[in-house]
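Chemist: Chains A and B, in that order, give the protein sequences.
FYI, the numbering for the first sequence is 1 to 493, going by our numbering.
FYI, the numbering for the second sequence is 1001 to 1696, going by our numbering.
Even glycine gets a Cβ: it sits at the ideal position worked out from N, Cα and C.
Have a look at this one.
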Amino acid sequence: MNVHSETARASPWPTPPQRAAAAVDPIVLQIVEGTLNSIEAEIEYAIERTARSPMIREAHDYRVGLFDRYCRKLTGRSYSAMPNAVVRDFPPETMRPGDIFLMNDTYLTEGSIGHLPDLCSTVPVFHDGEVVAYIQAFGHHDDIGGRVPGSMPGTARSVFEEGLAVPPVKLYSEGARNEAVFTIVKRNTRVPEMLAADIDSEVQACVMGARRMAELFARFGTAQVEACFQAILDRCRDIYRDELLPKIADGEYIWEDYVEHDGVSAPRLHKLALKMTKRGGRITLDFTGTDPQSPGPINWPAEFTETRFPVLVEKLALATDSAGAGKRRGGLGYDKHYRALVDCRTIVTADRVRLGCYGVNGGKAGAPFSVAILSGSNVRFLGGLVDGEPVAAGEVVAVRTTGGGGWGDPLEREPELVCEDVIEGRVSPHAARDDYGVVLIAGRDADHWQIDAAATAARRGKMRGEHSATGAMIDRGPGYFEMLKEGAGPKGV
Amino acid sequence: MAQAEAHPRFRIGIDTGGTFTDIVAVDAGSGAMRVTKVSSTPSNPAIGLVRGVHQVLADMEADVAEVAGLAHGTTVATNALLQGRIDGLGLIVTEGFRHILEIARQAVPEGYGNSYFWVKPARIVPLRYVRETGGRLDFRGNELRPLDEDAVRTAARFFRNRDIGAIGVCLMHSYANPAHERRATEIIAQEYPGCTVSLSCEVLPEYREYERAVTTLVDVFVKPHVARYLRRVDEALGAGLRERPFLVMQSSGGVASADQVVRKPITTALSGPAAGAIGSAVIARIAGFHNVVTLDAGGTSTDLCLIEGGEPHLTNSGTVGPFPVRIPMIDIETIGTGGGSIAWISREGELKVGPKSAGAEPGPMCYPNGGSEPTITDANLVLGRIPPSLIGGGVPLDVSRSRTGLAALAVKLARPRTPAMSVEALAHGIIEIANWSQANRIRQMTIQRGIDPRGFALLSFGGAGPAQSAAVMELIGMTACIVPPNPGNLSAFGLLAVDWRTDHIVTRVMQQDAADPATVATLYGRLEEEAIDTLRRNGIEAGRIRLQRQADVRYVGQSMEVRVDAPSGAIDASFLDRLADAFHAAHRRTFGYDYAGRQKIEFVNMCVSGFGLIERPQLPKLGGAGGAPAAIGHRSVYFEGAFRDTPVYRRGALAPAAHIAGPAIVEEFGSTTVVFPGQRLEVDPHGVLIIRSGIR
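Listed below in structure tokens is the structure:
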């Protein structure tokens, strides 16, 4: 999101009209909107089929965007990049059919690109000799150079360590490929063939989408298609104004969150802050950008893993009691046990080893991440950043991933739901009693738990008296206070 | 004409749909064909089936003694899965894997960007009915720990005490060694006689435990439904018909005996649509089209299928409803618009078409006792595109009710800047929206499979397809729109055109340089034996058996495989080389590139399909001369802003090589074809209608 700034400089972007030039035809509106959604899907399918990186093909980490001539996004299926930086550097009146633009520079793309591996292609759509729309696609490519393979160095101090930064440039000029750009890009990646194939795939898919978009303009005319675009945007604005805004009271809202380590210095709490101000019909966000979360490794089923690696998967389960308690319970983390069949080493890269995922509005934080090596009856806990810990054949690496935070007071959770969680093993009987105040009576079988209503009422009454509404909006779990005590709190606290 | 010397010569196909049961009978001697329709009987579909068989025999003045065999497409399994409540299931898994269904593939479908929108579907078995047992195999099938028989016994008693009557068993690496699962089923049978069990090593002996578990559970869920249904069919057929071969269509596009289907009923999950795809492929080949998208429009939904090189696409990664089902199935995509789709106004005041449907009950407004909201069928009726009665005049339609409904909708849609549309303009708009939506979905499904739809023809069937498909063909720029004879009965026809089929698979992950041809030969040999045994048991003579080898192969490091045809003949080192070459070529065809000579490959699954070849029905050539046929009448039909006086033809009266210029209407029993202004209709020698755009 862009920070709103008042500058004297003339905007490089054309200003959209207040209302559409033509009355919208309700039939054409449905056809145009349905076709925009279809074009987006068609481009995605084409990319998924022809791209080469596993990140795109298997982790589906790529996005498509359709924009009107004012750089306004027309479909709402997902987040995407924006063509504003292209239009800033190449005014539409200078664009020619067959021009295609490439960019990935996080600082020179009007906030539209989050990290360098996201190379983005932009194709202008022409009708009657002028640019009427833009089609765009970016994918998370496997490597764009820099210090480490994958171009996502956890310990980078500057963007230049990530890899090659490409400001908006013409990749094709009136249909002719700019070989210099291709040569430079290919020289700056560890996987030149794969990256070139990915760019080809994205460009060709966008060209197909641009052809489809141009067909809409040819069929219904510029005035009617743009009236439909305006109607789609107006409807989006109306829903936001009428449904969302009234739910937020005027005032200032402040939010903070922390990461445990920046990968370079000693672990401490690094603060991220966001201030939202709502006044009248406007919301202003004072926002410090964060990296989008990386999609993480692709996960494999147990049988697949065992055919490929010398491990035996002893357990692949949801971790009992890992979820933050709440009126609405958090999601559960995993509990995975891998038995090494040969001597090997293990690598751990994890955040939230000490901070849980926070609970909100009386809900509790989830359990943090943990990795331990089980050797007979011995347990060796490892930290969040471990580079090559030896594991002997026969030892078990036990990974528990973070549980989600809860929402609302756990004492208000319906006892029937707590009982069901106990029957199905998501919550232990012990935690039902201690965290939820629900007392259960064991039956003769694992699914025969029953609620002791009287004991539950008594226990919940007692617990309510004890915790006497501290009123904290956010629960970050015990690890937060431990880090504060250790002097590893945020700077200036 | 029941005579003592009557010999079996009629083959009868019965396709049971939600509203109608379609029947086609073919005289194996003359090729003569007879079709009919009876109402379906959803509470016991066997009644409609038998009624239809007797009706078609009566129509032909034939006797049961002249029936050579029956082939059946059923929706019993599909309906059980999509409409019934899925309960009463239990699952036994290996210790440590109780959450197999909760965890699934550890990933949100369609990846990262979808995580904001995805809601995890309900699991097919609630966690409380998933029980663990000790015992462990490795991926080679070696036993690491023996089966914990007491745990299996306890689980069986647990299920018995709770009336959980259908149990799936999915133990780690059972595809490599079925011993633990086989022993488990013996123990369950002792502790809980009468319960239904499916073993993952039999349903899907292929690795990847989540898919294998779900496929097994879907199988065990439909088992009692399919078994009961086939028992009822057998009773209802009665003496005379019961003794005839009774074949059931499988999702893979082949038929199997009722006995074979009962053992693994999941193979019938897409029985009905598969028959339509096979029938389409036969008609398309006869008409000289090898690359075709088929469109089967019914009352509530439309099925799309791709036919490439004359063969319907198959998939091994299909789904039925929300469940992944990893068995070979015709690759069918279903979209939520059909003739009964309702036109309505959204909360934001916009006109929408579908996915809500009036279905067969109450049906469109114009139907007797029809619904209260206008549908696509009402719009077609108001425009004069379909006749004022259905099923050859059997069901009169009330056009005034359709007009009233559409007029009310037009008033609701009016805005200050857009005054109320005329009933005809709105009806035309509703059809346009539906056509664009179908065109968009056809584009998506073809592009997703790496195909440009503009090189394909559109084959339209089902009751609600041919009134609109020629317009859809033109929106996409496809080569032609094909309407087969009896488009309302194509699925039943398809049932008579399929071979017996049985599929067998085994997983053995081997890198190419480490693969031993002797091992591969043994594995294929075993699969081929299984296939031949299955077909022989069903009375197929050796001379009619054909085997096809396939393999799932990938580059080392990839997580998904590509299924490729494997060479027949001797299995030696050159076999593996040729298989590798076939894989590189398939990879290039599917994804646009390959790593031939640069990356190692890995063989994962070996598969054998056995076919029992049947005598295909011949579509008889039409008699008569071509030229411009005579219209049976004219009526006013609305196209692009105005009514036009449009000739109406009876399909049965069209001779081969007849040419008609649009606009025109062709009517027949069960369906109406619309030829739009500027289009040309040509009748091929077998009576197939071929509509082309006049512009190109």
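Name the DSSP bridge partner or partners of A:Leu119?
Modeler: A:Gly139
Chemist: Please determine if the region 1319-1339 of chain B and the region 1347-1366 of chain B are in contact, where contact requires at least 3 C-beta pairs separated by less than 8 Å.
Modeler: Contact holds: three or more Cβ-Cβ distances are below 8 Å.
Chemist: Tell me the DSSP bridge mates of A:Leu318?
Modeler: A:Tyr334
Chemist: DSSP puts A:Asn378 in a beta bridge; with which residues?
Modeler: A:Ser375
Chemist: Helix, strand or coil for B:Val1395, going by three-state DSSP, please let me know.
Modeler: strand
Chemist: What does A:Pro390 pair with, by DSSP beta-bridge criteria?
Modeler: A:Arg345
Chemist: Spell out whether any CB of chain B is found under 8 Å from the CB atom of A:Ser38.
Modeler: yes
Chemist: Name the residue from A:Leu66, A:Pro415, A:Glu44 whose alpha carbon lies nearest to the alpha carbon of A:Cys57.
Modeler: One point to set straight first is that residue 57 of chain A is Arg, not Cys, in the sequence displayed. Among A:Leu66, A:Pro415, A:Glu44, the Cα nearest to that of A:Arg57 is on A:Glu44.
Chemist: Mind pulling the chain E residues with CB within less than 8 Å of B:Asp1138?
Modeler: In the displayed structure, chain E is absent; the protein chains listed are A and B.
Chemist: How long is the line joining the alpha carbons of B:Gly1363 and B:Pro1374, rounded to whole angstroms?
Modeler: 10 Å
Chemist: Taking only the alpha-carbon atoms, compute the straight-line gap between A:Thr290 and B:Thr1133 and give it to the nearest angstrom.
Modeler: Because the pLDDT at A:Thr290 is just 46, under 50, the model does not fix this residue reliably, and the value given afterwards should be weighed accordingly. About 46 Å.
Chemist: Going by alpha carbons, who is nearest to B:Pro1416 out of A:Pro26, A:Leu245, A:Pro16, A:Ala350?
Modeler: A:Pro26
Chemist: Which residue's Cα is closest to the Cα of B:Val1556: B:Gln1599, B:Thr1196, B:Ala1570?
Modeler: B:Gln1599
Chemist: Report buried or exposed for B:Gly1624, applying the criterion of at least 16 other Cβ atoms within 10 angstroms of its Cβ.
Modeler: exposed
Chemist: Does DSSP put A:Asp89 in a helix, in a strand, or in coil?
Modeler: helix
Chemist: Expressed to the nearest angstrom, what Euclidean distance is found between the alpha-carbon atoms of A:Ile47 and A:Cys344?
Modeler: 38 Å
Chemist: By the DSSP assignment, the beta strand (DSSP E) with B:Phe1020 in it spans what residues?
Modeler: Per DSSP, the continuous beta strand (DSSP E) segment holding B:Phe1020 begins and ends at 1020-1027.
Chemist: Is there a C-beta anywhere in chain B that falls below 8 Å from the one on A:Thr290?
Modeler: Reliability of the predicted coordinates at A:Thr290 is poor, the pLDDT of 46 falling under 50, and the value obtained from them is presented with this limitation in mind. For A:Thr290, the answer is no, since every Cβ of chain B falls outside 8 Å of its Cβ.
Chemist: Verify the CB distance criterion: does A:Asp242 have a CB-CB separation below 8 Å to chain B?
Modeler: no
Chemist: Using a threshold of 8 Å, state whether the C-beta atoms of A:Ala133 and A:Thr109 are closer than that.
Modeler: Against a cut-off of 8 Å, the Cβ pair of A:Thr109 and A:Ala133 comes out as no contact.
Chemist: For A:Val311 and A:His337, I'd like the C-alpha separation in whole angstroms.
Modeler: 10 Å
Chemist: Where does B:Val1222 sit, in a helix, a strand or coil, going by DSSP?
Modeler: helix
Chemist: Residue ranges of each beta strand (DSSP E) run of no fewer than 3 residues wholly in the region 1063-1104 of chain B, ordered along the chain?
Modeler: 1067-1073, 1089-1094
Chemist: Out of A:Thr222, A:Lys186, A:Ala273, point me to the one whose CA is closest to A:Glu130's CA.
Modeler: A:Thr222
Chemist: For A:Leu318, go through chain B and note every residue whose CB falls closer than 8 Å to its CB, in chain order.
Modeler: His1099, Glu1102, Ile1103
Chemist: How big is the Cα-Cα spacing for A:Arg400 and A:Val191?
Modeler: In this model, A:Arg400 and A:Val191 are separated by some 34 Å (Cα to Cα).
Chemist: Report the option in B:Thr1019, B:Lys1037, B:Thr1507 whose CA atom is closest to the CA atom of B:Asn1489.
Modeler: B:Lys1037
Chemist: Which runs of the beta strand (DSSP E) at least 3 residues long sit entirely within the region 1134-1181 of chain B? Give them in chain order.
Modeler: 1143-1145, 1166-1170
Chemist: Where do the N-terminal and C-terminal ends of the beta strand (DSSP E) with A:Thr15 fall, by residue?
Modeler: Where A:Thr15 is concerned, there is no enclosing beta strand (DSSP E), given that its DSSP letter is neither H nor E.
Chemist: Taking all protein chains shown into account, decide if A:Glu482 is buried (16 or more other Cβ within 10 angstroms of its Cβ) or exposed.
Modeler: exposed
Chemist: Going by DSSP, what residue range makes up the alpha helix (DSSP H) through A:Val185?
Modeler: 179-187
Chemist: Measuring only the C-alpha atoms, how far is B:Gly1088 from B:Glu1541?
Modeler: 41 Å
Chemist: How far does the beta strand (DSSP E) with A:Ile248 in it reach, from first residue to last?
Modeler: Note, A:Ile248: premise wrong, no beta strand (DSSP E); not H, not E.
Chemist: By DSSP, does A:Thr75 sit in helix, in strand, or in coil?
Modeler: coil
Chemist: Starting from B:Tyr1638, trace the beta strand (DSSP E) in both directions and tell me its first and last residue.
Modeler: 1633-1639
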